[in-house]
Amino acid sequence: MKHFECPVIGRRPAPEFICSGGSVGILLMEDGDAAREALFFGDATARVKREWWYHKPSRLWFVFERDTATDFVHSIELATKVSPDERV
Amino acid sequence: MSAFRLPPQDGEWIDRAQEVAFSFEGSAYRGFAGDTISSALLAAGTRVLGRSFKYHRPRGVLSFANHDVNVLLETATRINIRGDVEPLVAGEHYKAVNTFGGLARDKARFIEKLAAFLPTGFYYKAFYRPAASFPFWERLIRSLSGLGRINTDFPTTRGTTRRLVCDALVIGTGPSGLAAAQALAAAGKRVVVVDEHARAGGSLNLAQTSPVPTAWRDRTLAELRAAAGVTLITGAYAAGYYADGTVPVIEAERMSIVCARAVIIATGAIEQPAVFHYNDLPGVMMASAARRLVACFGVAPCRDAVVLAGNAEAYEAALALKSAGINIVAIADLADPASRGDSAARAEAAGIRILPRTQVAAAHAVNGELGGVTLNAAGAAGDAPGQQINCDGLLMSVGWAPAAQLLAQAGTKFEFDETLGQLRPTKLPSGVFAAGRVNGRFSLVARQADGAAAAAEALAFLDGSEASLARPAPEAAPQSHPLPLVEHPRRKNFVDFDEDLQIEDLRTSIREGFDGVELMKRYTTNGMGPSQGKHSNVNAARFLASHLGQAVGVVGHTTPRPFYHPVPMGVLGGPRWRMHCETPLTAAHDALGATWTEVGVWRRPKYYRSEGAGAAILEEHKAVRERVGFIDVSTLGKIEVFGPDAAALLDLVYTSRLSKAPVGVTRVVMALDQRGIIVDDGIAARLGPNHYYVTAGTGHVVATVREMNQLAALAELDVNVIDLTRHWAAVNVAGPRARELLQELTEIDLSAAAFPFPEVREGRVLGVAARVMRVGFVGESAFEIHLPYSQVAPLWEALKARAPAFGGRPFGVETQRLLRLEKGHPIVGLDTDGVMNPFETPLAGLVKMDKPRFMGRAACELLSAGVQRQLVGFTTDHADPAQPIEECHLVIDGARIAGRVTSVAFSPSLQKTIGLAVLEGESMTASQFDIRIQGGRLIRARRAELPFYDPTGARLTEQPA
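Quick note, the sequences are listed as chains Z and P, same order. Under the numbering used here, the first sequence has 138 at position 66, and the numbering climbs by one with no breaks. Under the numbering used here, the second sequence has 869 at position 782, and the numbering climbs by one with no breaks.
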């Protein structure tokens, strides 16, 4: 089973997490046209992405830098610690 | 003692004290406890154990290791019984599959005579025209070929599922697997060890010439059994490698999902057949099969054996069988015996006749079994002159294919080792280790050392340290003959025994342009039978390579996908758990005669008493509208939101402006997703400046809490979100006399003046701290009481006891839905679908576009401008219970589908049928439309303003209309 080495909550099994909300930076966009571009015409190629991940037991949100081609997680940060630009 | 049962062998698996009676093809047999079906039949001298898939040729034991399905059996209650490995069951009646009139006189065996007219792909080539004839031929051919008949009356078998979490999983218990497991156990790791045979030991369980390996096997197994952290599972196969060390291990009726940090794959190698004329006759088998029969089951595979040698191990087999009392007529070595190390000298010393550079050109049948072989010079054509030798056994030891399926699934890179004649892993994924024959190590010492080194690497991986052992060098002597195929003009040289494929079929495929391994596999179906190419892929690739003049490594190999063996559906399905949640009032509802329904994960009372749905719902409806009713709404999602930024958070989550709601007031709220789609609705009650209590949809509360936390993190808000769904219960009391029923139970002043709609109060109910909200969804004066789970039962009992005095009664969720529909409130997820936005519904007014930021706002900007459908109310006088309008009936506009009904019911209040429907495109504004009911009749409906009932809301707010 996959485990994530999290700097905040330690090594936790993947089923405790849910990848939800997709890539960072497009959740609360203000401009309608930009939101449409991001939601429906965004780049869907497999590559390293920064994604919203939720840890269910602790109810903490993280940003994972993950390669969606290999499922390798490069880094994990607490969502409140990433730059404000990404937190939209 | 039967004809072929040997005297007791050291460490044999059978219990000769315990006889097991069974029948095969109608004849009675006796075997021993521990026998497989095939071993018991071979012991009795029965060697024709099945008929082939296509030509109905007689077949017998080939690999005796589940690498072929020559012996595929069925009983009255099961199919897919693999006779070579399934233990004998006392009293069972076994039959071979795919015969017409029994194994011995299969009426379909004539098909073989037509083989010349049945080249690969013939059925697509021959019967495609006229098109109408194809089904006829297809039915005929399908009835003649097959692997058993499914009987739908078979008893249902459901396996169980468990999860095994461990540090390391070791697959295979040959010398390398055992050495690895031993080292891991010694290091105190939690280890799961799996082997597909009934007993552990792998190739150590083959007949040997020395007792040393078996003594080591027994000692190591005893150590593993004594070790606390070791789980040894035999008779179970690792079905596939899934991401991150997840490996399902399949036993007869159980699946263990092993979650390992490190996986050591010591799956060994699969012995490969030689291909020559009539190489499928019963009596022609792998040398390893013969050695396993002797050592584990005390069964002689034959009386007089010829051994076909492509490696040194052939000599080990000959010597071991000779010492077990089997006459070795000759060893035909495909190369120079001097190249086999000292093996040939030992065989010669033992008096075995060795024929250098000799091949088996053809086998000969006597009564459908092997009676002799023709030998000629290695490399010659199949019909080149040679000598004929009588024998009833031909033991093939010409080469191996690494059992690298799991390694490949894990993402291992391989290279073809030309010396060794097999693929060897060159780059393994992190946490995956290979050892033993699958890793190109063949001698006993090298395999043990390779296993120990793999364990050292796994330990280093687990502990973040350096591996302490070096790997032994890969085997330098060839172990597989480069091309053990002899073509014979009379064909019948089988490559794939499952599918009855011959060299000729491969040649056809190449000739017609399907000349890659993957193309040839699909064109010929080579490797697509139940064995998944375990005995045929390598020979097919070798043939293709030789034909194209390429190296086998260049031709490549097919992708081995899970599962390694076919897994029974019942084991995959596992037990059918249906888990549900109950509120604390389940017993109380049962006492009232509740009829239950499933709402998401919850069970809820649909209505009470059993005089029939219609009558019960009518009575409950009448009670709420005219007097009072009460309903358990504990299943509501309930969320506590508090902290300095509580209002700011809810302004982000919901479309309305909750920061402007006064303390003590409730608001209907709606949540959207990024795309502006309605995902949830509920009530938000403001309990204090920084304190809200929010209800959410029963099924959506987990997601709502998650999204609240996300938006709080995103906006760096100082707020706490607590899910109280399973901590607080709720009861809604609704109707004109609700206040009278409830007032005596609480200290809260419920009068209209002190507690108007839509406000909220905190106070004691039956002495318990509670929250009471005036909510309006059923359209009457209503109070929703929220209080801790443990306290709801006394409240329910008190309401029940007092209700008769007010003409009140409990009501169920079906009645509630009717009441709600009369008020025109759409239910999110029932009346809305997965792409419905607020502007398409009567909820558009809840979207406050003047608010600068909320979830879905950007999408709303676009969506509000281009509404393309509308959720509307309708009424009709049609109220025929025999021909009802139902949910999902279509709205028809001329010849066009113009929408669908989402909710519909006969309204007792309005005395007509009411409903909600989605109208699309041009029909969006139609004032009348037709609904097509079951049977095609069109019912005229009129669009109606919402709500249907009490449009001014006077009953709800208790203000004069």
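We put the beta carbon where it would ideally sit given N, CA and C, even for glycine. Computed from a predicted structure; not experimentally measured.
Cβ of residue i within 7 Å of any chain P Cβ
i, result
"W125 of chain Z", "no"
"E102 of chain Z", "yes"
"K74 of chain Z", "yes"
"T152 of chain Z", "yes"
"R122 of chain Z", "no"
"R42 of chain Z", "Since the first residue of chain Z shown is 73 and the last is 160, residue 42 of chain Z is not available in this structure."
"R138 of chain Z", "no"
"A107 of chain Z", "yes"
"R119 of chain Z", "no"
"R159 of chain Z", "yes"
Alpha carbon of residue i to alpha carbon of residue j, nearest angstrom
i, j, result
"D193 of chain P", "D592 of chain P", "24 Å"
"P424 of chain P", "P569 of chain P", "16 Å"
"A816 of chain P", "P875 of chain P", "6 Å"
"F584 of chain P", "S139 of chain P", "7 Å"
"T162 of chain P", "A213 of chain P", "36 Å"
"R117 of chain P", "R103 of chain P", "11 Å"
"D964 of chain P", "R1027 of chain P", "9 Å"
"G208 of chain P", "V485 of chain P", "30 Å"
"I872 of chain P", "L832 of chain P", "11 Å"
"W303 of chain P", "S297 of chain P", "11 Å"
"F601 of chain P", "I237 of chain P", "33 Å"
"S555 of chain P", "P79 of chain Z", "30 Å"
"F223 of chain P", "L481 of chain P", "41 Å"
"V281 of chain P", "A267 of chain P", "12 Å"
"L774 of chain P", "I1018 of chain P", "46 Å"
"L201 of chain P", "V447 of chain P", "26 Å"
"S324 of chain P", "A952 of chain P", "The question names Ser, but residue 324 of chain P is Tyr in the sequence shown. If you take the alpha carbons of Y324 of chain P and A952 of chain P, they lie about 60 Å apart."
Chain Z contact for residue i (CB, 7 Å cutoff)
i, result
"R762 of chain P", "yes"
"C253 of chain P", "no"
"E948 of chain P", "yes"
"A800 of chain P", "yes"
"A545 of chain P", "no"
"R793 of chain P", "yes"
"E803 of chain P", "yes"
"N924 of chain P", "no"
"A326 of chain P", "no"
"T333 of chain P", "yes"
"C668 of chain P", "no"
"C389 of chain P", "no"
Anticipated Cβ contact below 8 Å, residue i with residue j, distance rounded
i, j, result
"G235 of chain P", "L159 of chain P", "7 Å"
"G784 of chain P", "V915 of chain P", "6 Å"
"G322 of chain P", "P649 of chain P", "Their Cβ separation, rounded to whole angstroms, is 19 Å, which puts G322 of chain P and P649 of chain P out of contact at 8 Å."
"L930 of chain P", "I765 of chain P", "7 Å"
"L442 of chain P", "A450 of chain P", "Incorrect: roughly 16 Å between the Cβ atoms, too far for contact."
"P662 of chain P", "T247 of chain P", "6 Å"
"A491 of chain P", "F501 of chain P", "7 Å"
For this session: Could you tell me whether the region 345–361 of chain P touches the region 256–263 of chain P, using the rule of 3 or more Cβ pairs below 8 Å?
Result: yes
For this session: Give a yes or no on contact between the region 781–795 of chain P and the region 967–975 of chain P, applying the rule of three or more CB pairs nearer than 8 Å.
Result: no
For this session: Check whether the region 362–378 of chain P touches the region 143–155 of chain P, taking contact to mean three or more Cβ pairs, one atom from each stretch, closer than 8 Å.
Result: yes
Problem set entry | Stretch-stretch touch, CB-based, cutoff 8 Å, three pairs: the region 276–283 of chain P with the region 364–374 of chain P | no
Exercise. What alpha helix (DSSP H) runs, 4 residues minimum, are completely inside the region 818–881 of chain P?
Worked result: 825–830
Problem set entry | Complete runs of the beta strand (DSSP E) confined to the region 358–401 of chain P [at least 3 residues] | The qualifying runs are 371–373 and 391–396.
Exercise. Counting Cβ pairs, one atom from each stretch, are 3 or more of them under 8 Å apart for the region 999–1019 of chain P and the region 981–988 of chain P?
Worked result: yes
Exercise. Do the region 727–735 of chain P and the region 871–886 of chain P meet, that is, are 3 or more Cβ pairs less than 8 Å apart?
Worked result: no
Exercise. Are the region 97–115 of chain Z and the region 940–953 of chain P in contact at 8 Å, needing three or more beta carbon pairs?
Worked result: yes
Exercise. At a cut of 8 Å, does the region 106–113 of chain P reach the region 175–183 of chain P through at least three beta carbon pairs?
Worked result: Short answer: they touch.
For this session: Let me know the alpha helix (DSSP H) ranges lying completely inside the region 594–618 of chain P, each 4 residues or longer, listed in chain order.
Result: 604–611
For this session: Mind listing, in chain order, the continuous beta strand (DSSP E) runs of no fewer than 3 residues lying wholly within the region 486–553 of chain P?
Result: Assignment of beta strand (DSSP E) within the region 486–553 of chain P, counting only whole runs of 3 or more residues, yields 487–489, 500–504, 509–514 and 519–521 in chain order.
Problem set entry | Inter-stretch contact at 8 Å, needing at least 3 Cβ pairs: the region 384–396 of chain P / the region 536–543 of chain P | no
Exercise. Of all the alpha helix (DSSP H) runs that stay within the bounds of the region 103–151 of chain P, which reach a length of 4 or more residues?
Worked result: Positions of the alpha helix (DSSP H) runs, each at least 4 residues long and wholly inside the region 103–151 of chain P, are given as 124–130 in order along the chain.
For this session: Could you tell me whether the region 1027–1041 of chain P touches the region 955–963 of chain P, where touching means 3 or more Cβ pairs closer than 8 Å?
Result: Yes: the two stretches touch, three or more of their Cβ pairs being nearer than 8 Å.
For this session: Taking 8 Å as the threshold, find out whether the region 1035–1042 of chain P comes into contact with the region 891–910 of chain P through three or more Cβ pairs.
Result: yes
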